[in-house]
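Here the working numbering is used: position 36 in the sequence shown is 38, and no number is missing along the way.
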Amino acid sequence: MPQDLVRRIVVTVDNLPRKSYAQRLSPLKPVPGAFAVAGSGAQMKIAPQNAARYTPLVRAFDAINSEKLVALYVRFYPLFQEAYREQGYP
Numbered sequence: 003m004p005q006d007l008v009r010r011i012v013v014t015v016d017n018l019p020r021k022s023y024a025q026r027l028s029p030l031k032p033v034p035g036a037f038a039v040a041g042s043g044a045q046m047k048i049a050p051q052n053a054a055r056y057t058p059l060v061r062a063f064d065a066i067n068s069e070k071l072v073a074l075y076v077r078f079y080p081l082f083q084e085a086y087r088e089q090g091y092p
């Protein structure tokens, strides 16, 4: 697992609760298409077709073998810890 990928994952996780997000550092590309709404004014809501934009990403994550993913995380844990320290965490 390249060190740069680990850094990008750590930065992405660190940015999740923030108001701003460093997209250029994300290991993922933005979901294609525009965010769609239905209705207007007080009746405005998220349009159902938005789900289709995320289907390929959801399928990809669903196909991940979680046991292998955990094993990779454990194997590269020191790199993740180093990347968190680079972000200013103890």
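Just so it is clear, CB atoms sit at the ideal spot from N, CA and C, and this is done for glycine as well.
This one's a predicted model, so the numbers in the text were calculated from it and none came from an experiment.
Taking a cut-off of 8 Å on C-beta distances, the region 72–89 touches the region 7–16, as three or more cross pairs fall below it. Contact between the region 11–26 and the region 38–57 is absent: fewer than 3 CB-CB pairs across the two stretches fall below 8 Å. When only Cα atoms are considered, I66 and P58 end up about 13 Å apart.
Restricting attention to Y23, M46, R26, Q51, the CA atom closest to the CA of A36 is found in Q51. Residue burial is scored here from C-beta neighbours: V72 has fewer than 16 other C-beta atoms within 10 angstroms and is therefore classed as exposed. The continuous alpha helix (DSSP H) containing S68 extends over residues 68–77. Here A53 is exposed. Its C-beta has fewer than 16 other C-beta atoms within 10 Å.
In this structure A49 does not touch A62 by the C-beta definition: roughly 23 Å separates them, more than the 8 Å allowed.
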